[in-house]
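Take a look at the structure below.
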Amino acid sequence: MTTATIPVEDMTEDQAKEELARLAREIAEHDRRYHGEDQPAISDAEYDALRRRNLAIEQFFPHLVREDSPSRRVGAPVSEKFEKVRHKVPMLSLDNAFSDEDVVEFVARIRRYLKLEPHTPIDMTAEPKIDGLSLSLRYEKGRLVSAATRGDGQEGENVTANARAVADIPNVLSGDHPDVIEVRGEVYMTHRDFRALNARQEAEGKQTYVNPRNTAAGSLRQLDPAMTAARPLKFFAYAWGEVSEMPAPTQMGMVEALKSYGFRTNELMRHCETATELLAHYKAIEEQRATLSYDIDGVVYKVDDLALQQRLGFVSRSPRWAIAHKFPAEKASTILRGIDIQVGRTGALTPVARLEPVTVGGVVVTNATLHNAEEIERLGIKIGDTVTVQRAGDVIPQILGYVPERRPKDAETFVFPTVCPCELKTPVVREGTAGGGEGVVRRCSGEFACPFQRIEHLRHFVSRRAFDIEGLGERQIEFFFNDPDLSVKSPADIFTLAGENLKKLKDKEGWGEVSAANLLAAIEARRTIPLDRMIYGLGIRHVGERTAVTLARAYGSWQDFHDAALAVAAGDVAAREEMDALEDIGDAVIDAVSNYFAEEHNRAVVEALAAQVDVEDAERPVMDSPVAGKTIVFTGALERMSRDEAKDMAERLGAKVAGSVSKKTDLVVAGPGAGSKLKKAAELGVEVIDEDAWFARVGGEV
Ligand code: IVH
Numbered sequence: 008m009t010t011a012t013i014p015v016e017d018m019t020e021d022q023a024k025e026e027l028a029r030l031a032r033e034i035a036e037h038d039r040r041y042h043g044e045d046q047p048a049i050s051d052a053e054y055d056a057l058r059r060r061n062l063a064i065e066q067f068f069p070h071l072v073r074e075d076s077p078s079r080r081v082g083a084p085v086s087e088k089f090e091k092v093r094h095k096v097p098m099l100s101l102d103n104a105f106s107d108e109d110v111v112e113f114v115a116r117i118r119r120y121l122k123l124e125p126h127t128p129i130d131m132t133a134e135p136k137i138d139g140l141s142l143s144l145r146y147e148k149g150r151l152v153s154a155a156t157r158g159d160g161q162e163g164e165n166v167t168a169n170a171r172a173v174a175d176i177p178n179v180l181s182g183d184h185p186d187v188i189e190v191r192g193e194v195y196m197t198h199r200d201f202r203a204l205n206a207r208q209e210a211e212g213k214q215t216y217v218n219p220r221n222t223a224a225g226s227l228r229q230l231d232p233a234m235t236a237a238r239p240l241k242f243f244a245y246a247w248g249e250v251s252e253m254p255a256p257t258q259m260g261m262v263e264a265l266k267s268y269g270f271r272t273n274e275l276m277r278h279c280e281t282a283t284e285l286l287a288h289y290k291a292i293e294e295q296r297a298t299l300s301y302d303i304d305g306v307v308y309k310v311d312d313l314a315l316q317q318r319l320g321f322v323s324r325s326p327r328w329a330i331a332h333k334f335p336a337e338k339a340s341t342i343l344r345g346i347d348i349q350v351g352r353t354g355a356l357t358p359v360a361r362l363e364p365v366t367v368g369g370v371v372v373t374n375a376t377l378h379n380a381e382e383i384e385r386l387g388i389k390i391g392d393t394v395t396v397q398r399a400g401d402v403i404p405q406i407l408g409y410v411p412e413r414r415p416k417d418a419e420t421f422v423f424p425t426v427c428p429c430e431l432k433t434p435v436v437r438e439g440t441a442g443g444g445e446g447v448v449r450r451c452s453g454e455f456a457c458p459f460q461r462i463e464h465l466r467h468f469v470s471r472r473a474f475d476i477e478g479l480g481e482r483q484i485e486f487f488f489n490d491p492d493l494s495v496k497s498p499a500d501i502f503t504l505a506g507e508n509l510k511k512l513k514d515k516e517g518w519g520e521v522s523a524a525n526l527l528a529a530i531e532a533r534r535t536i537p538l539d540r541m542i543y544g545l546g547i548r549h550v551g552e553r554t555a556v557t558l559a560r561a562y563g564s565w566q567d568f569h570d571a572a573l574a575v576a577a578g579d580v581a582a583r584e585e586m587d588a589l590e591d592i593g594d595a596v597i598d599a600v601s602n603y604f605a606e607e608h609n610r611a612v613v614e615a616l617a618a619q620v621d622v623e624d625a626e627r628p629v630m631d632s633p634v635a636g637k638t639i640v641f642t643g644a645l646e647r648m649s650r651d652e653a654k655d656m657a658e659r660l661g662a663k664v665a666g667s668v669s670k671k672t673d674l675v676v677a678g679p680g681a682g683s684k685l686k687k688a689a690e691l692g693v694e695v696i697d698e699d700a701w702f703a704r705v706g707g708e709v
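Each residue of the sequence shown is one higher than the one before, starting from 8 at the first, in the working numbering.
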C-alpha cells in the first residue's frame, strides 16, 4: 500500500507510522546514491519534498519520530574506500526555505524562541549556498593535520592527502590563529575548470562528467592524491567545528578571521536585520547567479551573534539559527518509456517511472517515483507521453504532468498489476484504512513466500542501522539470495555461510579469495550484536530503531525480550500490560510484535538466528548532570527563556520534561502566574524552584 498521497492532517497514527517508515527508507536510498555514488536519481526538489513531508508528519505525530528518521541524519554513510574519521563537532545540515513566507516564519520563529518582541531587529547574515561538497579541515598549531568529508554528519572520510592537493586550502595558517581550529566550508569547481576538464577527458577518450558538483565530489574522493591534484578544486570557508579560543563573537567576525588565516571567503555575504532585508539580498544574489563562476543553489541565512546561535541550538539535524533559502526547481520534458513495479519489505507495490534519459539542471534523470496508482491517475499520464520532470538541486525527480498535444496515438494506459511481479504471482491486496475506506497501498499477499519481500527483509537485516555487515550491502544480498550455492534465504543463513567455508564464495563472480575472506571476517565480527540492533534487525513492522532501543533498554536481555514477545503473542495479558507501560510504546507496536511472533515462520527465523549470534545485554544510559534522570515540569511565565528553550535545555541535561505534575515529578520550575500545577506540587510535596534557581542549579552545565 502506499500512504504517500494521504494529506498529513488526514492520517491515522498507523498510516503516519507506515509513511514515516517509507520515507526513511526512500530518503536513505537517495542519500546513498547522492553522497555515496555521486549519482543522484531524483531532483533536489523531489528530495526536498520527501524530507519536508517527513518533517510535517513528525511535527503532527512527534511521538512517532523514528530513531533512523532522515530528520536525525545528514547525508549518506561513508564510502568504504577511505579511513573513517569521527567529527568532534557533528557536521550538520540546514533546513530549507522555499518561499518568502518560509523566510518570514524563520525569523519569527527565532524571535519567539528567544522571547523577543515582534519586529525586533536581529543581526543576521545572508550568503550564497555553494553547490559543492562540504569539508572539515583540522589545524593544530597552524598546520593542517586532517581533512574529512561530511559523511553521515557524525563520521566522514579521511581525505587529508587529497585536501593537501587543493591549492585553495592552506597547509599552514597565516596570522594570529587559535591553537586548534577546524575550518569548514565547501569544495567546488568553477564552470570554466569543469568545461576544460571535460574537454580534456573527451580528447583522451575518457568518460566525461555530468556537473561541477559531482565532479568536485568525485575528484576529492580519488584514492590517488595525484589525481586530485590534477583537478582544479577550490574551497570557500564559511563555518567551523572545534575551536580552542574563539577569535570573534559573531558569524561575520569569524568569517573575517578565516579570511585572515588565508582562506577564500565569499564576497556576497551581507549583514541583514529583518526578513525583508534577507529577501532583498536573496533577489540580488539570484540576479547575479548566471554571472557567477561557480554553481550556487540558494542563499543561506544565519543568526550573526554566536551566543544567540548557542541558545537557539539545533532541532535534530539542523540548527535553529540558520536556514537555506533554495532557488526554484529546474524543469525539463522527456518521454515516459514505462512504469516498473517495486516491491518493498512489507510487500507494498510502488510504481516507478522509467524515463528517456534527460538532463535537468546538469543531472541525467532516468526515473522518478510515482508513489502509487492514485498518483498515476492524478497525473493522467500514459506510457509514451511526453512528461514534465522537475528537480531542484541534485537528487529523485518528480513528474509534474504531461503535454497533451504530444500524446502519441498508441499511448498506453498503465494497468496496475493485480498480482505481485514475483514468480509466484501472488494476488495483490488493497489495505483498508482505519476509517473503513480503501487505502492507497497495494500489497503483495505472499509475505514469506514472496521472494521480493524476503530479499527486502534481508536488505533490512544487513542495513547500516541493523547488522551492518561490511561488504554485504543491499546490492549483494539479491545475488546471495538467488545464487543456488549460497542460497541465503534468511538471516541465519548469513552466519552459517561464514561458518562453512570460503570456497563457495570465492569462485563467484566478483569475489576473490581476499574479498571472500574479508566478508567472512565481517560476518564473524557481527556474530556478537547489541540487543537493540538485534531487535531492529528482525524487521518487525513499526519497530524502528528508536523503538528497538526502548525495548532493549526495558527488557535488558535477549532472553527477556524474546520471552515477553512470545508471551504477548500468546495473549498473555500481564505481558501485554508490561509492554504497554513502556514509554512511547502503544498498541501499534505491541500488535506488530504480537503478530510477528504469532507467526510460526517468524518464530523459526528468529530462533535460527538467535542460535547463530550472541546478543549483548542493553546498556542503561548514565548521564552526569544535576537533573539527569529527573522528571521536570515548567509552569507559569518564564522570563529568561521560552518554554521551548527551557524544555530543550532540560532534555540536553538528561531530564525528562512532563506537561503535568504527578507522583513521578521530581522538580517544578515555576514562574509568575503559576497556578494549579503549583498547588498540585505542594500537595504531593514536589520540590518547587523559580527560574533563577533553575539557572543556578544547571548554570555550569549549559
Ligand atoms: S552553513 C550547521 N553555509 O549546505 C550548518 N552551508 O544543507 C553549517 N553549504 O552541509 C552549514 N554553502 O555543505 C553553510 N554558505 C554556506 C553553505 C553551506 C553550502 C552546504 C554545506 C552544508 C549544506 C547544508
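Glycine included, C-beta positions come from ideal geometry on N, C-alpha and C. Just so we're clear, the structure is a prediction, and the values are computed from it rather than from any experiment.
- Here DSSP, grouped into helix, strand and coil, assigns Gln405 to strand.
- Fewer than three beta-carbon pairs drawn from the region 339 to 351 and the region 669 to 686 are found closer than 8 angstroms, and the two stretches are therefore not classed as touching.
- Secondary structure at Met131: strand, using DSSP grouped into helix, strand and coil.
- Across the set Gly519, Ser470, Arg461, Arg471, the C-alpha of Arg461 shows the shortest separation from the C-alpha of Val495.
- For the beta strand (DSSP E) assignment, the uninterrupted runs of no fewer than 3 residues enclosed by the region 606 to 691 are, from N- to C-terminal side, 621 to 623, 638 to 642, 674 to 677.
- Inter-segment contact for the region 102 to 114 and the region 158 to 166 is absent: fewer than three beta-carbon pairs are separated by less than 8 angstroms.
- Here DSSP, grouped into helix, strand and coil, assigns Gln66 to helix.
- Ranked by how close their Cα comes to the Cα of Arg93, the residues Ser340, Leu616, Asp492, Ala155 have Ala155 in first place.
- When the beta-carbon positions are compared, Val166 and Leu227 come within less than 8 angstroms of each other.
- With a contact defined as Cβ atoms closer than 8 angstroms, Met196 and Thr222 qualify at about 6 angstroms.
- Taking 7 angstroms as the cut-off, one finds no heavy atom of ligand 1 near enough to the beta carbon of Lys95.
- Residue pairing by DSSP places Cys279 opposite Met131 in a beta bridge.
- Excluding five sequence positions before and after Asp621, the CB atoms of its chain that fall closer than 7 angstroms to its own CB belong to Arg534, Thr535, given in chain order.
- Under the three-state reduction of DSSP output, Gln397 falls in the strand class.
- Where His94 is concerned, there is no enclosing alpha helix (DSSP H), because DSSP gives it neither an H nor an E.
- Rounded to the nearest whole angstrom, the C-alpha separation of Met261 and Val705 is 29 angstroms.
- Ligand 1 has no heavy atom closer than 7 angstroms to the beta-carbon of Tyr301.
- Residues Thr357, Val359 of the same chain have their beta carbon placed closer than 7 angstroms to that of Gln349, with the five preceding and five following residues left out of the count.
- Around the beta carbon of Pro434, fewer than 16 other beta carbons sit within 10 angstroms, so the residue counts as exposed.
- The region 59 to 77 makes no contact with the region 288 to 298, as fewer than three CB pairs between them are under 8 angstroms.
- Contact check for Gly354 and His332: beta-carbon distance about 40 angstroms, past the 8 angstroms limit, so the pair fails to qualify.
- For the 8 angstroms CB-CB criterion, Phe459 and Gly544 do not form a contact.
- The C-alpha of Glu381 is placed about 13 angstroms away from the C-alpha of Pro424.
- Scanning its chain for C-beta atoms nearer than 6 angstroms, with the 5 sequence neighbours on each side dropped, one finds around Lys241 the residues Asp175, Tyr195, in chain order.
- The beta carbon of Tyr409 sits no closer than 7 angstroms to any heavy atom of ligand 1.
- With a cut-off of 7 angstroms, the C-beta of Val250 is classified as distant from ligand 1, since no heavy atom of the ligand falls inside that distance.
- The DSSP-derived three-state label of Tyr289 is helix.
- Within the DSSP secondary-structure output, Glu147 pairs in a beta bridge with Arg150, Val187.
- Distances from the alpha-carbon of Trp565 to those of Ala577, Val613, Ser601, Ala532 put Val613 closest.
- With 16 or more other CB atoms across the displayed protein chains lying within 10 angstroms of its CB, Ala595 is buried.
- According to the DSSP assignment, Thr222 belongs to no beta strand (DSSP E) but to the alpha helix (DSSP H) extending over 219 to 227.
- Between Ala572 and Val600, the C-beta gap is smaller than 8 angstroms, which places the two residues in contact.
- The DSSP-derived three-state label of Asn602 is helix.
- Using a cutoff of 7 angstroms, the CB of Arg157 counts as near ligand 1, since one of the ligand's heavy atoms is closer than that.
- Note on Asp17: under 16 other CB atoms within 10 angstroms of its CB, so exposed under the neighbour-count rule.
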